Amino acid sequence: MWYVAHTYSGYENTVKASIEKAIENRNMTDLIHEVSIPMETVTEITDNGPKTVERKVFPGYVLVKMVMTDDTWHLVRNVRGVTGFVGSGNKPIPLTEDEIAAMGVEKREVVVGYEVGDNVKITDGALESFLGVVEEIDLDHSKVRVVVSMFGRETPVELDLDQVELIQP
């Protein structure tokens with residue numbers, strides 16, 4: 112499960128390095144799997160023109176994927192710069208699957224059984240059971256654009272990848 116550790120602002124990289132070093136020193140790689148600082152690439156306009164920079168999505172926070180035990184809690188909690196976990200009192204609350212997906216922390220491999228040009232059936236949502244043709248697949252955003260025929264018109268509709276299925280010929 113992913114947990115969120117609160118840090119002093121500006122200490123995120125130091126905290127990440129310290130946790131990773133402590134994991135190795137105490138041989139806890141089987142309990143603490145990954146430490147992450149979500150980053151985004153932003154283009155800033157400066158006097159010298161546009162400049163691309165990496166920026167922390169959540170300043171003051173470090174994400175830790177671990178099995179929560181007394182030992183792992185103490186290891187992370189006692190790293191210099193960590194002020195605590197996000198949760199109530201001393202009980203950290205893990206992130207939900209939806210929160211993890213929204214942050215893009217874990218890239219999940221999406222396998223779709225259809226390609227551009229395939230005939231598909233919409234399986235969920237307002238247009239459930241409509242038939243259409245795949246026009247575009249956007250794996251980065253987990254979206255598919257399907258052209259459906261509504262009221263005698265061809266209409267492109269954007270759906271989640273799992274809202275359509277291939278029609279077997």
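Taken in order, the sequence shown gives residues 112 to 280; the numbers are from our numbering. Quick reminder that beta carbons are idealized off the backbone N, C-alpha and C, glycines included. Just so you know, these numbers come straight off a predicted model, no measurement behind them.
- Proximity of the stretch 136 to 144 to the stretch 176 to 183 meets the contact definition, three or more beta-carbon pairs being nearer than 8 Å.
- In this structure, 178 is the residue among 265, 238, 178, 251 with its C-alpha nearest to the C-alpha of residue 112.
- Taken through DSSP and simplified to helix, strand or coil, residue 211 comes out as helix.
- The Cβ atoms of residue 148 and residue 127 lie closer than 7 Å to each other.
- A residue is called buried once 16 or more other Cβ atoms fall within 10 Å of its Cβ, and residue 203 is buried on that count.
- Collapsing the DSSP output to three states places residue 269 in a strand.
- For residue 186, the enclosing alpha helix (DSSP H) stretches over residues 181 to 188.
- With 16 or more other Cβ atoms from the protein chains shown falling within 10 Å of its own Cβ, residue 123 counts as buried.
- Within the stretch 136 to 203, the complete alpha helix (DSSP H) segments of 4 residues or longer fall at 181 to 188, listed in chain order.
- In terms of Cα proximity to residue 168, the closest of 175, 141, 256, 153 is 153.
- Going by beta carbons, residue 269 and residue 256 fall inside the 7 Å limit.
- The alpha-carbon separation between residue 274 and residue 207 amounts to approximately 21 Å.
- Of the candidates 129, 162, 163, the residue whose Cα lies closest to the Cα of residue 175 is 129.
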